[in-house]
Structure formats: C-alpha cells, structure tokens
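Protein chains in written order, with the working numbering: chain R, 5 to 287; chain X, 5 to 287; chain W, 5 to 287; chain Z, 5 to 287. Working notes, beginning with the structure itself.
4 protein chains.
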Amino acid sequence: MTHHYTLTISCPDRTGIIAAVTGFIAQHGGFIVEANYYTEQEQQHFFMRQEIRANSLPFTTEEFASRFAPLADEFSMRWQLADSAIKKRLVVLVSRQDHCLDDLLHRWRNDELRVDIPCVISNHEDLRSFVEWHGIPFIYVEMRQDKAAAFAQIAALFESYRGDTLVLARFMQILPPALCQRYSGRIINIHHSFLPAFVGAKPYHQAYQRGVKLIGATCHYVTIDLDAGPIIEQDTVRIDHGDTVDDLVRYGRDIEKTVLARGLRYHVEDRVLLCGNKTIVFK
Amino acid sequence: MTHHYTLTISCPDRTGIIAAVTGFIAQHGGFIVEANYYTEQEQQHFFMRQEIRANSLPFTTEEFASRFAPLADEFSMRWQLADSAIKKRLVVLVSRQDHCLDDLLHRWRNDELRVDIPCVISNHEDLRSFVEWHGIPFIYVEMRQDKAAAFAQIAALFESYRGDTLVLARFMQILPPALCQRYSGRIINIHHSFLPAFVGAKPYHQAYQRGVKLIGATCHYVTIDLDAGPIIEQDTVRIDHGDTVDDLVRYGRDIEKTVLARGLRYHVEDRVLLCGNKTIVFK
Amino acid sequence: MTHHYTLTISCPDRTGIIAAVTGFIAQHGGFIVEANYYTEQEQQHFFMRQEIRANSLPFTTEEFASRFAPLADEFSMRWQLADSAIKKRLVVLVSRQDHCLDDLLHRWRNDELRVDIPCVISNHEDLRSFVEWHGIPFIYVEMRQDKAAAFAQIAALFESYRGDTLVLARFMQILPPALCQRYSGRIINIHHSFLPAFVGAKPYHQAYQRGVKLIGATCHYVTIDLDAGPIIEQDTVRIDHGDTVDDLVRYGRDIEKTVLARGLRYHVEDRVLLCGNKTIVFK
Amino acid sequence: MTHHYTLTISCPDRTGIIAAVTGFIAQHGGFIVEANYYTEQEQQHFFMRQEIRANSLPFTTEEFASRFAPLADEFSMRWQLADSAIKKRLVVLVSRQDHCLDDLLHRWRNDELRVDIPCVISNHEDLRSFVEWHGIPFIYVEMRQDKAAAFAQIAALFESYRGDTLVLARFMQILPPALCQRYSGRIINIHHSFLPAFVGAKPYHQAYQRGVKLIGATCHYVTIDLDAGPIIEQDTVRIDHGDTVDDLVRYGRDIEKTVLARGLRYHVEDRVLLCGNKTIVFK
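This is the structure:
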C-alpha cells in the first residue's frame, strides 16, 4: 500500500471540471493512481475521486488545500482531501452477537481494513474478553435504565476517543434522532435484510413468513428514518423451503459480515459520496 | 427424457408415511427415479414427490389411482399423479415487451420446456408475427374499452384451448379477483422486482429512487392480493450508482427471463407444492 | 441514447496524460459523459476511455482526429475515436445450436444491442428460417468437404459484408490460425466452460467427470491458441451431484447467452482494451 | 437442534430399497426428519441419507445396528449410523494465515459448527495466542528439518487426540501419500482456486496472469493426487482488470472461509457420500 492522497469532489456539472482538476494536479507533478467520475443526470451534479501518489506532490495536504481552494471556489465544489497515512478511527457498537465484530477485528488485526479501532462499546458484557484479547478497550454502557443517558455516554465516548465513524456491528438498539443528525454520514449500520424489504425488527422471521427464496443484508448510513438511510452495499443468498428461521439467521450472518466489511472498506477509503439519499460508490 | 409418473402428496405428518407410499410402489415393482420429502414444522404437515419410471409399473395411471386411493384416504392425503407423456398446456399472456415470450418460445421450440403452448393472447398486436412464425395461434384481445369483457374473453380462450396454466409473461394488466380465484395455483406471473420490495407499478423506477445496489425479479402464483402470492423463484443482479433506470430495465430483463423460466419449469414438472402462502419447491 | 464519440487511448504511463487529454476536450467545449482510467502496474502502461457528447464538440470525428494527432504523438498513444452513430457490423457464425443466436437476435431487434448484423453464416441449414424471419441474410457454407475453402469463403463473406467483428455464437469448428491472426482482436467466441478449466471439446462432459460444483462460460477473443485468448467476460452457475450432463448443458446455455451478450456489449461500446493476453474492460 | 440419528447408505440400485429401509424405520416407530435419495446413473448405484429423531426409536444405535444388519446385507449396503449427540472431532492444521482458522473457531465457539476441536497443529508459532484464548491446545510442529518426522508427529497427534477429520485450513505443506491414503475421506483441504483451474502453488498469481474475470475456492477431500480429490464445495467471486494480486488474495480469503465452512458443515453432518472421485452432497 503506497502513501497517497484521496481528493473527493462534488459540484454542479459543467464543461472543463476534469480538465481543471487534473490540470492542477499535473501542474504540480501529481501522479494519479486511480480516478473516477460520475454525473448524476437528474440534478446534473458531478462527482469525482482522485487518488494521487503522495510523494509525487511537492507539498503537504495543508498546502494542497490552500492552493486548491481558488479552483474549488470557481466550480462551487464541496471537496475533501484525505491522507492515507492518517487512519480513520472506527468506534464499534455491539450487543451480544459477535459475528460482525469477529470479522471486523480479524480484518483489522491482519491490516486488511486499515483503520484504528480506539474502543468497542456494548450494552452487554459478553464480548469483553474477546475484544480485550485484541488490546482494544471494551466499554460497557448500561442501557436498561436510562437510554438517553446511555446514548449521551456513547456520544461522549465517541468524542473522547476521537472517532471518525460509528459502526453499528449488530447493535440491537435504535439510535436517538439527535445522534443520527449530529453524526450524519458518519454512522454505519448493517441491517439483516435486503432493504427496503423487511424494515425493523426480526427481518429473518419476516422473510420466513413471506416465503422469499433469497435473503439479504444491507450496509447503510444511519438517518433518523429507521433503516431508510443511504445504502452503501447489499447482497443476497439463496435459501429454500427447507430452511428454518435458524438457518436463515445462520446464512444471514455470512452475508452480514461480508456486506458490512465491503461497505466499511468503501467508506474508509473515501469511495462513498452522498447524493441525496443515495450513494455514489467509486469502487 | 424417460417416461415417468410423478406422484405428489401432502398430508398431516406422522410416522410411516414414506414407508407406506414407497412400500406400495415397491410392491408393484415401481422404480423410483427421484424422491423428495419435507415436513413443515409449524403445521406439522408433510409433503412428498416421487418420480417413478412408467414402464416399471404394471398398470396405467387410472389403475394406479384406484389402487392408491385407500392408502391415500388412510393418511388423509391430498395427492396427484402426473404422466410425463401428457404435456401441460400453457396459455401465455403478453403485452408489448417480448423478452420473456422470446425466451419461453425458444425453450419450447428446443424442447427444453416440455409443454404445449396452444395459443398466445395479447392486448397488443406487436408480437403477432413472431408468435405465428412458431406456428402458434396469436389472439388479440381489445382491452382499452371494456376490461371486464376482455377478461371474460381471456377466460373463455383459456378454457377453449384447454389451458392448464396461465402465464403472465410481462402482461401489463391486473387480473380481476374472480379470475385469480377461479384459477388459483394455475396463474403464474413474473414481477420485475425482488418481492416484497417494490410492489406494483414501475418497480425499476422505485428501485432507482431508493438507491438499492441489487435489483431482482420474482416468479409467483397470482392471488387476489397484488404481487403478494406464493413465491416460486427469485433472483437478483448487482447494479451501481452509474446505472440509469434504462440500465436497470435492461439488466432486469435478463433475470426476469431466467427466473420465469426456472419457476415455470418447476411448476410444469410438478415440483411446486403450495403450503399456505408459501411454496415447497422440490428441485 | 445520445449521440457521442468514444475516445480510447493506451500509452506509456507518465504524469499529465489525463490533464492533457481532458484539457484538449475542454478547450473545444467537449462535454464528457463517462470517463475511465487504468494503469497497468507491471508494464506501467496507461489506458483510458472517454465518452464525449457529440453535439458539444464543434467538429467532426475527422477534424477531431487531425487536431488530436499531435497530442497523441507527444504521449506515444495508440488511440481510436468511435462515433456512436456508426453501428458496428457483426457477422455471426453458428452451427446447429441456436440459444446464443436467438438471444443475440432478440437483443438486436429490440435495439438493446446497437449493431448491424449484415449476415449470419452457418455450416448447417437448420437456422435459416429463423434468421430470415428477421430479414437477415443466412448463408450456408459447406464444411464437410474442404475446410480450407470453407474458411476462405467465410473470410470473403466477412469482407464483402464489411464486418467489423466476427462472432462465434456456438460455432463448432476451429478457425484456422491465419484467420485468427488476420482478424486479431475482432473475433469473439463463447466457450462453454469457466476457462482455463475444461479447454477444448465437450467441456460439460469434462465438468461432469471432474465433479465440479459450479460450471461456467467464457467470452474471449480468438487467438491461434485454442480457448486461450484474452478473456472479456465469464460467469458461473451452481450445479449439484444430481445434475446429469444434459442438465449441465441446459444450465450452461443460460450463462453462455448472458456472458456472450455482456462481452459483445462491452466490445461494441469500445469498452474493451487489449493489454497483452488480458483485457481491460471499462464498464 | 434435536437429538437425531443419521443413517447413510450406498448400494447397487434396484427396486424396493427405500421401501425396505423406511419400512424398517417405521416398524420401530422411527420418525424421519429429513430424507434424501440419489441414484448414480452410470454405475446404477444408489445413495440415501435419513435423519431420524432419536427419541422416536426404542433402542440405541448399537441395537439399531444389529437389527439393521440383515437388511443391509440383503441389499449389499455400505452403511453408517451417526449419533448427533456425539460430536465429530476436527484436528486443524494451519500455517501462518489465520482467516480460515478465525472463521472456524468463531463458528465453533458460537456452536454453529457442532464439533469438538481437540487441538490445532501448526508449523509456525504465529497463531498460538489466538488459539489458546479459545482454550484449545496449540501444538507447534517443526517442519523445516525433517518433514517425514514432522508428518509422523502430526499423525500421532491426530491419533492421540482421537481426531475424526483432519482439516487443512490453509496449511501450506503437501501431505505425504501414505497419510493421504491412511485417512482417505477424512482429510479436508481448502484450495484457493476454482479447481481444476490453477492447481498447485500461487493460484491467485496464476489467475492474475491468465486474466480471468472470476476467482474461486474449492473444498475437497485430499488424495494422493495434488488438488485432484473429490470436490465437496466451490464458489467464485467477480474481479476485474483493476484488481491486483493482493486484491485477489483479499477477495479470495472471503470465499475460502465460506467454502471451507460449508464443506465442513456438510461433512460433519454426514451429508457427503463418496462416489468414485465425486461427491454426493445431500443438502
């Protein structure tokens, strides 16, 4: 993995945006490793992502930013520059089920998912030992009494651990609206159905009752509307009449893990741009 | 393809059903080619399907039936015996889009789908020439004026052509409840979404608006509840942010075709048994 | 479908290529609809594809070419400019099996695959009526006697019908090396296995013997090495122990059709660039 | 999970086998939970698997065996009766890569995979701490000096830990032929390619060089022929030209894990029957 900067931009579409941006990069000797573009047709809004080799540029991200600002203004850009040397910090929320957590921590300890995990927070004690074996602080938050206080504590922990992203890795509690709004675009959930089918509780039971022939999982940003936020990634797996709800839960775990892992990867590599309630994912 | 009889049975579960049925078959020298069993746990209801080589039995289906009846009564069976030499008769309803029809007729003329297609009925003239090239009668039914009369005509055609199954191969009209009830379990539709997501009109537009990352198709029996009948088969295909509604429609056509073809195959081979609003599919 | 030009380029990688090309386009008011880039790391070779709205440019493809030439020379580019208004001409070779042909002609007559099909050539008469129903000339070429003469005739037909691409849609004859070389990068085959497994004849029988749990199909450019040319597209489908060779053939037809259709689509939209014996496919 | 017995049988095909076996079961009040049958056509060999509720039978597995023996002899059956209360014992061999091991141990500690893992053996020390956190003995075997001695030690450990199955969970050493033969049908490997493509070392590099558009993984029984044993389960995942060998390795890990997990599950639930160099898998 080389050291690179990732420049993500969105702005109203017009002629010459790519030329202007790549001209700016080329003018400073910047070597583009990966480039992606997309124009949303309904709003005529343009999105781009450039990965630039860090050592091909003669300046730091700060200087890049100050030099790039006039160009960005000219095109009314919303933009962001990420440095691959600065790892994103994921604060993970779990309840009792550990399959997504196990998968995340495995990818983390093998450096497949290049992030820091400053802490894991849970409303149950069950997973303490496993998390602590990894050398990661495990923080228990009591949720049965005062939920508002519990969520205030979670927000405080997220801040004090300087989290970038809050990951709900099968966290079986609904976040309060204020939290969803405060960290808009920074909270990622894995829902155990193929959304928009089977919103809410017990989606595998719903799927079993409906008699579907495939079940799915969805990784999405959390908004104040339950299970209705922008979708980052989804997948399905085939089932048949012989499968019980327990079988669905078991098959489902495997897709939940991989769908969350892929969605998180896109997110931490700055491959996901928001476009209304939809996502642009530059793979 | 050898000549065989297919015996399908459903009854309350208890000990000894398989033994009794296979004992009966063995006693007459019947050679079982394929056998499937399933017990639905909630209702404790048992389902089975046996394919028996026709020439291994010393009698006709009629005699089989009369000899088998006492056993069937003993176990309170609902049962059916199909003869592979007697092809099912599919009456196909289409509108303007021909991808499912083209696929069906191709499978039919190559004898992959072993059925008779006595006629194709449409509320548009567009596909007449293609259908007639196959030597199949094409019947136009005017639907813009009097829908009730049109559906009465369709029912009459279905009867006069001695149809077993009515296939809605992208027929863009909603069937009246009386028709759905009259031919319960005999009308098969292909819906262009992954049900229960995106019921009703323009599911690809709905999918586009929601920003899903996969789209799907569903083959199901038609009931009086729109797009809510027992599901026979489903599949999904991956899309991304760059795909327009037209792209979704294009990708969708490919899964609609294969999902309908698989669902129909299961149906005409008597592999589908109804269990409430769900299907048992013995593949 | 809007009218657009597609510019495809490959050249040694260095700083500033994207900036130079998009600068050139922007300078003439060119509106980029879709853009893709890729750098092959081993050879440090750069590939790009730009789709430009035709009416945003003030000149014809000829003038574009003459103005672009100096820039292309500076970067040692191999490049090509295609006009979406000029349809590619596919000459299709078939034998007796018609599933790929049926699929292609369906996509053609619905304008999903935007090509001209000036003729279909076959070493059997079986499919004449179906092809001619489409208004497409069907030409029978006798292959049992003198294969060299037959292939000379095929090449002559390809020339006289001004074919751009020769499509082997389950053509069960091996092309002579001279033909493969003469039309390098312009002959597309569908092979009925997941290459490199099961090269050559009867791949479904080979798959059955080996006891694999998935079978596949591969769309590739034809080279002088049998089934070893650059792969454009592949897919697999799950089978199980109960499936006979006939079942494999049946399942296989469905993936052959879709894999060939996808591969052809990429090819005719100039999305496939050759990189040694591999392909870059800008989807 | 209810307590059940699993009866697996293979014998020459003839009329009346199912009737005889299910008659025997019914006669003793046995309640069949799941039943599967298959006749291999080339050899006319019959295979069956019955799951019987343990408490529906009035006797132990020993008595079942002694009463069933005469029937088994009559039909020249090879047969086996497994008790779900007696967990299979998996001895796991690993090297340095831990993704399959992590996945296995997660499924084991959540009781998804109902087995005992008496020990994990490795030719590297890397994974000791992780294994021991689970309370499972980790045994290091030195392999750089004397391979024969090392494999003798592995065999001795397998015996002393009373292993039923030896699982090569990305164990990067080739087993000696004698070991393969001694534990025929009891050694399971995960190979990181879609066999028979890319046998042997570095399959992801081979796949990258060939330019395939999908990569795969294969779970199979180990025989003396390298990567050529009976295949239990396979799967593939889509890649594209932009993926490096490292990306292939990363994608591959996810399918290796799930393919091994599924294959092992089938094996420990006695769903896999050998038929020459192929497997019958009763899912």
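For glycine and all other residues, C-beta sits at the position ideal for the given N, C-alpha and C. Fair warning: this is a prediction, and the values are worked out from it, not measured in the lab.
List, in chain order, every chain X residue whose beta-carbon is nearer than 7 angstroms to that of residue i.
i: Ala-76 (chain R); result: Under the 7 angstroms cutoff, chain X gives no residues; its nearest Cβ is about 23 angstroms from Ala-76 (chain R).
i: Gly-27 (chain Z); result: Ala-23, Gly-27
i: Ala-30 (chain Z); result: Thr-19, Gly-20, Ala-23
According to DSSP, is residue i part of a helix, a strand, or is it coil?
i: Leu-268 (chain R); result: helix
i: Asn-281 (chain Z); result: coil
i: Glu-163 (chain W); result: helix
i: Gln-54 (chain Z); result: strand
i: Val-145 (chain Z); result: coil
i: Glu-38 (chain R); result: strand
i: Thr-10 (chain X); result: strand
i: Thr-43 (chain R); result: strand
Between residue i and residue j, what straight-line distance do the alpha-carbon atoms span, to the nearest angstrom?
i: Asp-229 (chain R); j: Ala-182 (chain R); result: 12 angstroms
i: Asn-241 (chain R); j: Val-263 (chain R); result: The amino acid at residue 241 (chain R) is misidentified as Asn; the sequence shows Val. Distance between the alpha carbons of Val-241 (chain R) and Val-263 (chain R): 12 angstroms.
i: Pro-62 (chain Z); j: Gly-34 (chain Z); result: 8 angstroms
i: Met-150 (chain W); j: Ala-156 (chain W); result: Per the sequence presented here, residue 150 (chain W) reads as Asp, with Met not at that position. One C-alpha to the other measures close to 10 angstroms.
i: Ala-205 (chain Z); j: Gln-84 (chain R); result: 43 angstroms
i: Val-124 (chain X); j: Val-96 (chain X); result: 5 angstroms
i: Ile-21 (chain Z); j: Leu-161 (chain Z); result: 41 angstroms
i: Gly-167 (chain X); j: Asp-274 (chain X); result: 16 angstroms
i: Leu-4 (chain R); j: Thr-283 (chain R); result: Summary: the structure shown does not reach residue 4 (chain R), with chain R confined to residues 5 through 287, and so no result is reported for it.
i: Ser-80 (chain X); j: Phe-68 (chain X); result: 17 angstroms
i: Thr-65 (chain X); j: Ala-39 (chain Z); result: 26 angstroms
i: Leu-218 (chain R); j: Glu-260 (chain X); result: 15 angstroms
i: Arg-132 (chain Z); j: Gln-47 (chain R); result: 56 angstroms
i: Tyr-255 (chain R); j: Ala-86 (chain X); result: 35 angstroms
i: Ile-90 (chain Z); j: Arg-266 (chain X); result: 40 angstroms
i: Val-171 (chain R); j: Lys-287 (chain X); result: 40 angstroms
i: Ile-178 (chain Z); j: Ser-60 (chain Z); result: 45 angstroms
i: Phe-249 (chain R); j: Val-119 (chain X); result: Correcting the residue identity first, residue 249 (chain R) is Val in this sequence and not Phe. Whole-angstrom Cα-Cα distance: 36 angstroms.
Residue i versus chain Z: which residues are under 7 angstroms apart at the beta carbon?
i: Phe-315 (chain X); result: What is shown of chain X runs 5 to 287, which leaves residue 315 (chain X) out entirely.
i: Thr-262 (chain R); result: Asp-258
i: His-310 (chain W); result: Because residue 310 (chain W) is not part of the residues shown, which for chain W are 5 to 287, the question remains open.
Applying a beta-carbon distance threshold of less than 8 angstroms, which residues of chain X neighbour residue i?
i: Tyr-9 (chain Z); result: Within chain X, no residue comes near Tyr-9 (chain Z); the closest Cβ sits about 15 angstroms away, beyond 8 angstroms.
How would you list, in chain order, the residues of chain Z whose beta-carbon sits under 8 angstroms from the beta-carbon of residue i?
i: Gln-45 (chain W); result: Thr-248
i: Ser-60 (chain X); result: Thr-19
i: Asp-106 (chain R); result: Asp-106, His-110
Quick one: which chain W residues come within Cβ less than 7 angstroms of residue i?
i: Tyr-41 (chain R); result: Ala-39
i: Glu-116 (chain X); result: Arg-254
i: Lys-89 (chain R); result: According to the sequence displayed, residue 89 (chain R) carries Ala and not Lys. Those do not exist, as Ala-89 (chain R) stays about 21 angstroms from chain W at its closest Cβ, beyond 7 angstroms.
Name the chain R residues whose beta carbon is nearer than 9 angstroms to that of residue i?
i: Phe-198 (chain X); result: Phe-198, Ala-201, Val-216, Leu-218, Gly-220, Thr-240
i: Asn-281 (chain X); result: Gln-213, Arg-214, Gly-215
i: Trp-137 (chain Z); result: Ser-133, Phe-134, Trp-137
Residue i touches chain R at which residues, Cβ-Cβ below 7 angstroms?
i: Asp-244 (chain X); result: Val-285
Using a Cβ cut-off of 9 angstroms, pull out every chain W residue sitting near residue i, in sequence order please.
i: Ile-235 (chain Z); result: Arg-214, Gly-215, Val-216, Lys-217
i: Ala-232 (chain R); result: Those do not exist, as Ala-232 (chain R) stays about 29 angstroms from chain W at its closest Cβ, beyond 9 angstroms.
Please list, in chain order, the chain Z residues whose beta carbon lies closer than 9 angstroms to that of residue i.
i: Lys-206 (chain W); result: Result: empty, since nearest Cβ-Cβ is about 15 angstroms, beyond 9 angstroms.
Using the beta-carbon of each residue, which ones in chain R are nearer than 8 angstroms to residue i?
i: His-1 (chain Z); result: The first residue shown for chain Z is 5 and the last is 287, placing residue 1 (chain Z) beyond what the model contains.
Using a cut-off of 9 angstroms between C-beta atoms, extract the partners of residue i located in chain X.
i: Asn-193 (chain R); result: Under the 9 angstroms cutoff, chain X gives no residues; its nearest Cβ is about 15 angstroms from Asn-193 (chain R).
Assess, as a yes-or-no matter, whether the segment 125-133 of chain X is touched by the segment 97-116 of chain W under the definition of 3 or more beta carbon pairs within less than 8 angstroms. Touching, no.
What runs of the alpha helix (DSSP H), each 4 residues or longer, lie entirely inside the segment 170-248 of chain X? Every alpha helix (DSSP H) of 4 residues or more that sits fully in the segment 170-248 of chain X is shown, in chain order, as 181-186, 207-214.
Whole runs of the beta strand (DSSP E) within the segment 62-139 of chain W, excluding any shorter than 3 residues: Correct list: 82-87, 92-98, 119-126.
Does the segment 191-211 of chain R come within contact of the segment 232-240 of chain R, defined as at least 3 CB pairs closer than 8 angstroms? Yes: at least three Cβ pairs fall under 8 angstroms.
Is it true that the segment 22-30 of chain W meets the segment 24-32 of chain R, where meeting means three or more beta-carbon pairs spaced less than 8 angstroms apart? Yes, the segment 22-30 of chain W is in contact with the segment 24-32 of chain R.
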